[in-house]
Amino acid sequence: MKSRNTFKKGSCEMLVLHILSKKGDCYGYEIGQIIRDITNEYLSFPEGSMYPVLYKLIDSGYITDYKKQVGRRMIRVYYHIESSGQNRLEELTQEYLKTTQSIHDILNFDFQTLQAEDTP
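So for the sequence shown, our numbering puts the first residue at 22; every next one is plus one.
Structure, rendered in structure tokens:
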């Protein structure tokens, strides 16, 4: 569904920051799995779209990354939210809430209360 994909692309940054804020440091696949699990797979971010968002957040200074050895050979890259990322999350959350409230207002508006324009 195309509209769902558009929504997802615009929301990925906010969701990643929120997860890091609430859960703490995570690796990329883990973030994607959390999103899939919580939404019963309605939302999912393939690695091809998740990692560019993570890199953008790093470049913006909102998150940092570090490597951690797991087991004998596997190395995972973990992501950590910075204070600037907390601020960005607050901005994105407020914008999201305003947008969803505005959409809700339109969907629940009683259009019969509008005065019809006079037609010639």
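Where a beta carbon is used, it is the ideal one built from N, C-alpha and C, also for glycine.
Q) Per the contact definition of three or more C-beta pairs closer than 8 Å, is the segment 118-125 in contact with the segment 63-73? A) no
Q) Given a threshold of 16 other Cβ atoms within 10 Å of its Cβ, counted over all protein chains shown, does residue 53 qualify as buried or as exposed? A) So residue 53 counts as buried.
Q. Is residue 74 buried or exposed, if buried means 16 or more other CB atoms sit within 10 Å of its CB?
A. The residue is buried, with at least 16 neighbouring Cβ atoms inside 10 Å.
Q.
So residue 99 and residue 86 are supposed to be a Cβ contact under 8 Å. How far apart are they, rounded?
A. 7 Å
Q: Please confirm if the segment 76-83 is in contact with the segment 32-51, defined as three or more CB-CB distances below 8 Å between the two stretches.
A: With a cut-off of 8 Å, the segment 32-51 and the segment 76-83 count as touching, because enough Cβ pairs lie within range.
Q | Cβ-Cβ distance between residue 47 and residue 40 below 8 Å | A | yes
Q. From residue 61 to residue 124, what distance separates their C-alpha atoms?
A. 24 Å
Q.
Measuring only the C-alpha atoms, how far is residue 63 from residue 104?
A. Distance between the alpha carbons of residue 63 and residue 104: 30 Å.
Q: Report back the beta-carbon spacing between residue 38 and residue 83 to the nearest angstrom; my notes put them in contact at under 8 Å.
A: 7 Å
Q) Between residue 44 and the rest of its own chain, which residues show a CB-CB distance below 8 Å, the 5 nearest in sequence each way excluded? A) 55
Q. In terms of residues, what are the limits of the alpha helix (DSSP H) holding residue 54?
A. 49-59
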